[in-house]
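Engineer: Start counting the sequence shown at -11; every next residue gets the next number (this note's numbering). Built from N, CA and C at the ideal position, the CB exists for glycine as well. Handing you this structure, nothing more for now.
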Amino acid sequence: MLTNVLAASDRAGNFADFDVHLWQWAALIVLITVLLVADLVLVHRDAHVITFKEAAIESAVWISIGVAFTGVIFLWHGGQPAGEYISGFLLEKSLSIDNVFVWAVIFNYFAVPAKYQFRTLFWGIFGALVLRAVFIFAGIALIERFEVVLVVFGVVLLYSAWKIAFHDDAEVHPESNPVLRVVRKVLPSTTEYDGQKLFTIENGKRLATPLFAVLIIVETTDVVFAVDSVPAVLAVSHEQFIVFSSNAFAILGLRSLYFLLGGMQDKFRYLNLGLGAILAFVGAKMLLGYFAGWHPPTWLSLVVIVVVLVVTIFASLAADKRDDAAALADGGSVEPEPEPDLDR
């Protein structure tokens, strides 16, 4: 199937254009809903600390589901749409890694117990799906009506690429979140946790718990990340079904990815450079398409994303290994790498 996908992508110089039946949209929404409910009710019914092993298994399952949906797209719509889907999926997945590290900062700031973090992220992802849908449909509508919007998106992506690659070491300050400030002014709240509840009753009054504040910040930070990720995926496809499904399956697995990578940011020292390179590529792709009429085949986007991610990961791990070797040579010691500590 991969050969057919790449071949179809190579033959088509522009984006895929196809009709999506209402039942296909319904099937997608039902599938996403079933996966979310099953994860909440069957896998994570009770609050518990998610181990590194559990997170690794769940991440593998979510990634497998996302990749497998490429086959569904291929069967329904053919090779080029499938190529656009998998490119969008990998692009969104890679850009979302930065989101995971920001979540770690937020949970650390509010001292959220590890066993309650998953439920907060569940509602965060649910809200993110709705927000992404709005961003995607609005973005595509703007492109269809005002093609010059592609230039705006391209410039935004190039700026974001530069910012992520060279200026993404700024600290996150959850207490400065303007939305949180407004919510706290209009909504009575408490500083005490009440299990996984977002609201609790104290002295007959309904109060928001700290988890609600965390959820607000998680949602608003996702809006910020969507400003980068949605235009980036729109550089790969202009079909609502492709863009939304690739976004949805990419972010569904972010919860388990957080528990897998949340405490390992230092291990990926070159991640920001890699993400910056990917954003720069898709931004340039948008601008060249508008001004020069050059539309590279989908397989090229796929190859660039995969190569940059692989090089970034291996370069980071190699640099970490060199540092360990240097520490040993200087007479120091290297402690075994512990599991990420998310219960701060």
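Are there any heavy atoms of the ligand ATP lying less than 7 Å away from the beta-carbon of residue 19, as far as the coordinates show?
Structural biologist: Ligands are entirely absent from the displayed structure, and the ligand ATP is therefore not among its contents.
Engineer: Starting from residue 185, follow the alpha helix (DSSP H) in both directions and report where the run begins and ends.
Structural biologist: Within the sequence shown, residue 185 is the residue found at index 197, counting from 1. Here residue 185 belongs to no alpha helix (DSSP H), and DSSP marks it neither H nor E.
Engineer: Confirm, please, whether the CB-CB distance from residue 121 to residue 239 is below 8 Å.
Structural biologist: Here residue 239 is taken as the residue at index 251 of the sequence shown, counted from 1. Here residue 121 is taken as the residue at index 133 of the sequence shown, counted from 1. Not in contact: residue 239 and residue 121 (Cβ atoms no closer than 8 Å).
Engineer: Leaving out the 5 sequence neighbours to the left and right, which residues in its chain are closer than 6 Å to residue 261 when beta-carbon positions are compared?
Structural biologist: The sequence position of residue 261 within the sequence shown is 273, counting from 1. Hits under 6 Å: 153.
Engineer: Grouping DSSP H, G and I as helix and E and B as strand, with all else coil, what is residue 190?
Structural biologist: Walking along the sequence shown from the start, residue 190 turns up at place 202. The answer is strand: DSSP assigns residue 190 an E or B state.
Engineer: Any idea what DSSP makes of residue 28, helix, strand or coil?
Structural biologist: As a working note, residue 28 is residue 40 in the sequence shown. Three-state DSSP puts residue 28 in a helix.
Engineer: Which residues in the same chain have their Cβ closer than 6 Å to the Cβ of residue 142, if we skip the five residues on either side of it in sequence?
Structural biologist: For the purposes of this step, residue 142 is identified with residue 154 of the sequence shown, where counting begins at 1. So the list reads 271, 274 and 275, once near-sequence residues are dropped.
Engineer: Based on the DSSP secondary-structure assignment, which residues constitute the bridge partners of residue 196?
Structural biologist: Looking up residue 196 in the sequence shown gives position 208. According to DSSP, which records beta bridges pairwise, residue 196 is partnered with 177 and 187.
Engineer: With distances taken Cα to Cα, identify the nearest neighbour of residue 63 among 82, 87 and 8.
Structural biologist: As a working note, residue 63 is residue 75 in the sequence shown. Measuring from the Cα of residue 63, the nearest candidate turns out to be 8.
Engineer: Taking contact to mean at least 3 C-beta pairs separated by less than 8 Å, is the region 77 to 93 in contact with the region 221 to 237?
Structural biologist: Result yes; three or more Cβ-Cβ pairs closer than 8 Å.
Engineer: Please classify residue 338: does DSSP put it in a helix, a strand, or coil?
Structural biologist: Since the first and last residues shown for the chain are -11 and 332, residue 338 lies out of range.
Engineer: Between which two residues does the alpha helix (DSSP H) containing residue 299 stretch?
Structural biologist: By 1-based counting over the sequence shown, the position of residue 299 is 311. Here the alpha helix (DSSP H) through residue 299 covers 286 to 317.
Engineer: Starting from residue 69, follow the alpha helix (DSSP H) in both directions and report where the run begins and ends.
Structural biologist: As a working note, residue 69 is residue 81 in the sequence shown. From DSSP, the alpha helix (DSSP H) with residue 69 extends over 67 to 97.
Engineer: Can you tell me the Cβ-Cβ gap for residue 203 and residue 287, rounded? I've got them flagged as a contact below 8 Å.
Structural biologist: Within the sequence shown, residue 203 is the residue found at index 215, counting from 1. Within the sequence shown, residue 287 is the residue found at index 299, counting from 1. Not quite, the Cβ-Cβ distance comes to about 39 Å (not below 8 Å), so this is no contact.
Engineer: Spatial neighbours of residue 318 within its chain, please: C-beta separation below 8 Å, excluding the five flanking residues on both sides.
Structural biologist: As a working mapping, residue 318 is identified with position 330 in the sequence shown. There are no such residues.
Engineer: Taking 8 Å as the threshold (C-beta atoms), are residue 225 and residue 70 in contact?
Structural biologist: As a first step, residue 70 is located in the sequence shown; it is residue number 82 there, counting from the start. As a first step, residue 225 is located in the sequence shown; it is residue number 237 there, counting from the start. No.
Engineer: Whose CA, out of 231, 279, 219 and 46, lies closest to the CA of residue 146?
Structural biologist: Counting from 1 along the sequence shown, the entry for residue 146 is found at position 158. Of 231, 279, 219 and 46, the residue nearest in Cα terms is 219.
Engineer: If you count every other CB in all the chains shown that lies within 10 Å of the CB of residue 75, and 16 or more means buried, which is it?
Structural biologist: By one-based count along the sequence shown, residue 75 stands at place 87. Classification for residue 75: buried.
Engineer: Once you ignore the five residues that flank residue 182 on each side, which residues in its own chain have a CB closer than 8 Å to its CB?
Structural biologist: Walking along the sequence shown from the start, residue 182 turns up at place 194. Closer than 8 Å at Cβ, skipping near neighbours: 188 and 197.
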